[in-house]
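Per my numbering, the sequence shown starts with residue 14, numbered consecutively.
For every residue, glycine included, the Cβ atom is placed at its ideal position computed from N, Cα and C.
Take a look at the structure set out below.
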Amino acid sequence: MPQKIIIDTDPGVDDAMAIFFALRSPELDVIGLTTIFGNVHTELATVNALRLLAIAGRTDIPVAEGAHDPLTGPFEGPVPYVHGDDGQGNVNLPPADNRAIPQTAAAFIVEQVMAAPGAITLVPIGPLTNIALALRLEPRIAANVKNVVLMGGNALVPGNASPSAEANIHNDPEAADIVFGAGWPVTMVGLDVTHKTNMTPEHLDAYAQADNPLAQHIARIVPFYRAYFERSFSGVKGIYVHDSSAIAYVIDPTLFEVERWPIRVATQGISRGKTWPALPGVTGPAWEGRPLVNVCVGVDADRVVALELDRLT
Ligand code: RIB
Ligand code: CA
14 MPQKIIIDTD
24 PGVDDAMAIF
34 FALRSPELDV
44 IGLTTIFGNV
54 HTELATVNAL
64 RLLAIAGRTD
74 IPVAEGAHDP
84 LTGPFEGPVP
94 YVHGDDGQGN
104 VNLPPADNRA
114 IPQTAAAFIV
124 EQVMAAPGAI
134 TLVPIGPLTN
144 IALALRLEPR
154 IAANVKNVVL
164 MGGNALVPGN
174 ASPSAEANIH
184 NDPEAADIVF
194 GAGWPVTMVG
204 LDVTHKTNMT
214 PEHLDAYAQA
224 DNPLAQHIAR
234 IVPFYRAYFE
244 RSFSGVKGIY
254 VHDSSAIAYV
264 IDPTLFEVER
274 WPIRVATQGI
284 SRGKTWPALP
294 GVTGPAWEGR
304 PLVNVCVGVD
314 ADRVVALELD
324 RLT
């Protein structure tokens, strides 16, 4: 039976790739998208999620709009220099005809998880605000979810939104600390593995050659995103595979090497947004009693890239 998943997303170019990757994978059944700020404001994330489902011919999948700001303060703002003003590489898509459902992201997550105990996997690929709000709304989702596989964090490597922090965590560190402390099955697919997974220009060319509307959309939106990587990270050609790495983990966890560590998220000072693991033998009061998290520390990058290209091209 395909795994039922809810993707919480801030589309976003790599979010679009991950959503399409999931839609084209028979192992997965995408039962909903929930939207969050991050790459764009939440309202635009919702419009983009609706547009992506229309491109994929899957307007049967519900979209529930999420929080417009982090738990403890205003959203710091989008990153148009990475994903475009429209969050889709400035390709200026037509408006979506389909509409979001009249339920918040948190309420949708709670309703779906509690209606199918042990069956739903949450796949957050943006800031974790909606997931924290869902836990506040109904703490029992921690005991009823099948799995939480999130793209975010950086355990043993530098950040990408600051020297300390990865973008999704940096956008709502308080929410992330709640998510990593809820005592449910969480897997962190962070920069430790996504910065080892490079989709080269040759890989990216495959999308333009593929005769399907999902690959064609990716071929249109990825050049803007690729240009960001190639001017920002010396020596990088192509893109790093961030959000799709979380989808690859849900499909085949054996593609990754994981360690089980308690995680705390810094919320103050220059480390704000840093995910700090307590490694064996070195702990402290802030990590006492914290649940263990699956932290991805290794990846068969070639197989992750091959899996995504196989599904989409
Ligand atoms: O750090 C990468 C993450 O930030 C990805 O989810 C990307 O879409 C952005 O949201
Ligand atoms: Ca994202």
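Would G10 and G165 qualify as a contact pair, given that the criterion is a beta-carbon distance under 7 Å? The structure shown does not extend to residue 10, since the chain is modelled only from 14 through 326, so no value can be given for it.
I'd like to check one pair, V312 with V269: are the Cβ atoms closer than 7 Å? A small fix is needed here, since residue 269 is Phe in this sequence, not Val. Contact flag set, yes.
Checking the sheet assignment: what are the DSSP bridge partners for G45? Paired residues: I19.
Nearest neighbour of N160, chosen from A180, A132, P140 [CA to CA]: In this structure, A132 is the residue among A180, A132, P140 with its C-alpha nearest to the C-alpha of N160.
In the DSSP assignment, find the beta strand (DSSP E) that holds P275 and state where it starts and stops. Boundaries of the beta strand (DSSP E) around P275: 269–278.
Please write down, chain order preserved, every residue whose beta carbon lies under 6 Å from a heavy atom of ligand 1. My final list is D23, G25, D27, D28, G51, N52, I138, G139, M164, N173, E179, A180, N181, H255, D256.
Return the Cβ separation of T134 and K17 in integer angstroms, given the expectation that the two are a contact with Cβ distance under 8 Å. Right, the Cβ-Cβ distance comes to about 7 Å (below 8 Å), so this counts as a contact.
According to DSSP, is P39 part of a helix, a strand, or is it coil? Looking at P39 - three-state DSSP - the assignment turns out to be coil, as it is neither helix nor strand.
Taking all protein chains shown into account, do 16 or more other C-beta atoms lie within 10 angstroms of the C-beta of D190, making it buried, or fewer, making it exposed? The residue is buried, with at least 16 neighbouring Cβ atoms inside 10 Å.
Exposed or buried, what is T85 when buried is set at 16 or more other beta-carbons lying within 10 Å of its beta-carbon? So T85 counts as exposed.
By the three-class DSSP mapping on this structure, what secondary structure does N157 have? Three-state DSSP puts N157 in a helix.
With a threshold of 6 Å, establish whether the CB of V126 neighbours any heavy atom of ligand 3. The ligand content of the structure shown is limited to ligand 1 and ligand 2, which means ligand 3 is not among them.
Touching by the beta-carbon criterion (3+ pairs, under 8 Å), the region 181–189 and the region 260–275: Result no; under three Cβ-Cβ pairs closer than 8 Å.
Buried versus exposed, by CB contacts within 10 Å (16 or more), Q101: Buried: at least 16 other Cβ atoms inside 10 Å.
I138 and I20 look like a contact to me (Cβ under 8 Å); what is the Cβ gap, rounded to whole Å? The pair is a contact, with the Cβ atoms about 6 Å apart (cut-off 8 Å).
Suppose you measure from the CA of D315 to the CA of V263; what does that come to, to the nearest Å? C-alpha separation (whole angstroms): 17 Å.
If we count Cβ pairs, one from each stretch, closer than 8 Å, do we get three or more for the region 218–226 versus the region 87–99? Segments in contact, no.
Sorted by chain position, which residues of the same chain lie with C-beta nearer than 7 Å to V162's C-beta, five sequence neighbours on each side aside? Sequence-distant partners of V162 (beyond 5 residues in either direction) whose C-beta falls short of 7 Å from its own C-beta, in its chain, are T134, V136, T200, V202, A259, Y262, V263.
Quick one, which of M14, D98, V26, A219 has its alpha-carbon nearest F242's? For the residues M14, D98, V26, A219, the minimum Cα distance to F242 belongs to V26.
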